[in-house]
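Undergrad:
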Amino acid sequence: MASLLVTKGQGQGQEIVLTGAEIMIGREEDCDIQLLDDSKISRHHAKITKENGVWVVADLDSANGTFVNGEAVVSAPLNESDTLTIGDSAFLFRADAAAAASEPAGEDSGAKSLTDAEDLKRVERMRESMDAIRREVGKVIIGQEDVLNQILMCIIAGGHALLIGLPGLAKTLTVNTLAKVLDMKFKRIQFTPDLMPSDITGTEVLETDPQTQQKQFRFMQGPIFCNILLADEINRTPPKTQAALLEAMQEKQVSVGKEIYKLDKPFFVLATQNPIEQEGTYPLPEAQLDRFMFNIFVDYPTYEEEVTVIDRTTMAVGSEPNVVLDKQAVIHLQEVVRKIPVSQHVIRYAVSLVRATRPGDEQAPECTKKYVSTGAGPRAGQFLILAAKARAVLEGRIHVSCNDVRGAAMPVLRHRILTNFSADSEGINSVEIVKRLLEEVKEPGAETYQK
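If you want our numbering, it's the 1-based position in the sequence shown plus 2.
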């Protein structure tokens, strides 16, 4: 039997079973779901009806509108895990709650639902925490809000990021400051042509026990044993050393000899690259580029921001940022991101966007077939959904919309699209391709709800 789980507002945590052919929502006494504590709800705000086996929500010309997955609707089918927002109240639609509750989960299914009240509170508090994080980071870093937002999205989604920008744009300082605000252990490695893998992971040293006088090996941890690792100018070191990061990024562990050493949670790699002075560098291969969830571009500050930077950094007075979240809070948020449900409508949109980057796909737009040599793989779709979830959490929401996917598309796709000679000759890069795809790829129609 279908139900609505109240995730925000009056009766939070309660589950309302949908019985009958029509359910009225509003402030009047004759409403089936009466929400008196919400001043944004109209007297008869919306109704939910069952039509040919499909539950449909319809707005009743309300003052503040009815929203499904963050988008205003006049009438729309409700799919499993859709979020219905009315005024300040939010509901998670469950198509068959009773069956879902009684169905035994497989031993390795790992399926979890976002029904824990504490998880919901963490998400609600995240909007205030984001404001506090911006304020604290703003004590040191001027501007670069988009960069900060994308780094935070990547961290709570459990991914890693590639930071592209010219020297002197405060890339290192931004990451160091964020590590202080999140109370995480920060390490920086300056990649050079003579850097060895053991310089990153650590090495075993032979020591003599002062009591027994017996020799034994002891592992000395490298700088990778931290929470936030800044791999500065990663393209200046040979592939062998670059590859030393792969296992740590993917498996969150380091193998030295016969031993495996787990890395502390959370673990986040932020690698920087200088877009100029490419002579003598070792460009990251596509397989390693694909390991990075985001490709974040750091641009020049605006005129007023640059004035503030010069004024503040040439004075002796400075302020230290305060801690806003701790490591355990970040770990909890990473777990919450994995629990947040996403409707098939949003997933299909993400898949359509990724498949549109592949020139061999029959549904690919003309710009892809003309300018792209290699498109994004399935990992891009996974990262799009995870990033969309993280974006919603940072805004204090548990519903994920297609707009969240669009907001994550540029950093997820720009380094996964390889352009061909035609694009290079016309000065068209992957950024331009992503912009065109966002305009051309439309959201799936209402018929996808019934699949």
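No residue lacks a Cβ here, since even glycine has one placed at the ideal position from N, Cα and C.
Based on the DSSP secondary-structure assignment, which residues constitute the bridge partners of G170?
TA: DSSP lists no partner for G170.
Undergrad: When you compare each of G72, N81, A410 to K52 by their alpha carbons, which one comes out closest?
TA: For the residues G72, N81, A410, the minimum Cα distance to K52 belongs to N81.
Undergrad: At what residues does the beta strand (DSSP E) containing H46 begin and finish?
TA: From DSSP, the beta strand (DSSP E) with H46 extends over 46-53.
Undergrad: Which residues does DSSP pair with I312 in a beta bridge?
TA: For I312, which the question treats as bridged, DSSP gives no partner whatsoever.
Undergrad: State whether the region 207-218 contacts the region 184-194, with contact taken as three or more CB pairs (one from each stretch) at a distance under 8 Å.
TA: No: the two stretches stay apart, fewer than three of their Cβ pairs being nearer than 8 Å.
Undergrad: CB V356 to CB L386, shorter than 8 Å?
TA: Yes, these two residues count as a Cβ contact at 8 Å.
Undergrad: For L420, does the three-state DSSP call read helix, strand or coil?
TA: Strand, per DSSP.
Undergrad: Counting only the same chain and skipping the five closest in sequence on each side, list residues whose C-beta sits under 8 Å from that of N71.
TA: D84, T85, S345, H347, V348, H401, V402, S403, C404, listed in sequence order.
Undergrad: Just to confirm, is the Cβ distance from V177 to V325 under 8 Å?
TA: Not a contact, by the Cβ cut-off of 8 Å.
Undergrad: Do you know whose CA, among R360, G167, E30, lies nearest A378's CA?
TA: For the residues R360, G167, E30, the minimum Cα distance to A378 belongs to R360.
Undergrad: Please state the DSSP three-state secondary structure of D234.
TA: If DSSP states are grouped into helix, strand and coil, D234 belongs with the strands.
Undergrad: In terms of residue numbering, what span does the alpha helix (DSSP H) encompassing P277 cover?
TA: It is not in any alpha helix (DSSP H) - P277 carries neither H nor E in the DSSP assignment.
Undergrad: Determine the DSSP secondary structure at Q192, reduced to helix, strand or coil.
TA: Here Q192 sits in strand by DSSP.
Undergrad: Could you tell me the alpha carbon to alpha carbon distance between R416 and S432, rounded to whole angstroms?
TA: The straight-line gap from Cα to Cα measures roughly 5 Å.
Undergrad: Tell me whether L396 is buried or exposed, calling it buried when 16 or more other Cβ atoms sit within 10 Å of its Cβ.
TA: Buried.
Undergrad: Answer yes or no: do I236 and L286 have a C-beta to C-beta separation smaller than 8 Å?
TA: Yes, the pair counts as a contact, with Cβ atoms nearer than the cut-off.
Undergrad: What does DSSP give as the partner residue(s) for S5 in the beta ladder?
TA: S5 is bridged to V19, R96.
Undergrad: By a C-beta neighbour count over all protein chains shown, 10 Å radius and 16 as the cutoff for buried, is D61 buried or exposed?
TA: So D61 ends up on the buried side.
Undergrad: Going by C-alpha distance, which of I43, T283, Q152 is nearest F294?
TA: If we check each option's Cα against that of F294, Q152 comes out closest.
Undergrad: Tell me, please, which residues DSSP counts as bridged to G219.
TA: Residue identity check: residue 219 is Phe in the sequence provided, not Gly. In the DSSP output, where bridge partners are listed per residue, F219 has L208.
Undergrad: What is the residue span of the beta strand (DSSP E) that V68 lies within?
TA: The question names Val, but residue 68 in the sequence shown is Thr. Run containing T68: 68-70, per the beta strand (DSSP E) assignment.
Undergrad: Take the Cβ of K15 as the centre, count every other Cβ of all protein chains shown within 10 Å, and call the residue buried at 16 or more, exposed below.
TA: Residue 15 is actually Gly in this sequence, not Lys. Per the 10 Å Cβ criterion, exposed.
Undergrad: Tell me G2's beta-bridge partners as DSSP assigns them.
TA: Only positions 3 to 453 of the chain appear in this structure, which leaves residue 2 out of reach.
Undergrad: Would you mind reading off the limits of the alpha helix (DSSP H) that contains E445?
TA: Here E445 belongs to no alpha helix (DSSP H), and DSSP marks it neither H nor E.
Undergrad: Quick one, which of K42, P380, T376, V414 has its alpha-carbon nearest R393's?
TA: Ranking the options by Cα distance to R393, first place goes to V414.
Undergrad: Anyone know if the C-beta pair for K1 and I27 falls short of 8 Å?
TA: No answer is possible for residue 1: it lies beyond the span of the chain, which begins at 3 and ends at 453.
Undergrad: Using alpha carbons as the reference points, say which of K341, V443, A331 lies closest to E368.
TA: Here the closest residue by C-alpha is V443.
Undergrad: Would you check whether the ligand NAD has a heavy atom nearer than 7 Å to the C-beta of A245?
TA: With respect to the ligand NAD, the structure offers nothing, as it holds no ligand at all.
Undergrad: Which residue marks the beginning of the beta strand (DSSP E) containing A159, and which one marks its end?
TA: Note, A159: premise wrong, no beta strand (DSSP E); not H, not E.
Undergrad: For chain C, find out if any of its Cβ atoms is closer than 8 Å to the Cβ of E368; answer yes or no.
TA: No chain C appears in this structure, which consists of one protein chain only.
Undergrad: For I43, which option in T68, G13, A23 has the closest C-alpha, if you only look at C-alpha atoms?
TA: For the residues T68, G13, A23, the minimum Cα distance to I43 belongs to T68.
Undergrad: Could you check what DSSP says for A245 in three-state terms: helix, strand or coil?
TA: DSSP places A245 in coil when its eight states are reduced to three.
Undergrad: Given a threshold of 16 other Cβ atoms within 10 Å of its Cβ, counted over all protein chains shown, does L439 qualify as buried or as exposed?
TA: Classification for L439: buried.
Undergrad: Just verifying my parser: in three-state terms, what is the DSSP assignment at A78?
TA: The answer is strand: DSSP assigns A78 an E or B state.
Undergrad: Hey, out of A382, I312, M3, R408, whose CA is closest to L171's CA?
TA: Looking at the Cα atoms, I312 is the closest of the given residues.
Undergrad: Taking the alpha-carbon positions, what's the E253 to I166 distance?
TA: Between E253 and I166, the C-alpha separation is close to 24 Å.
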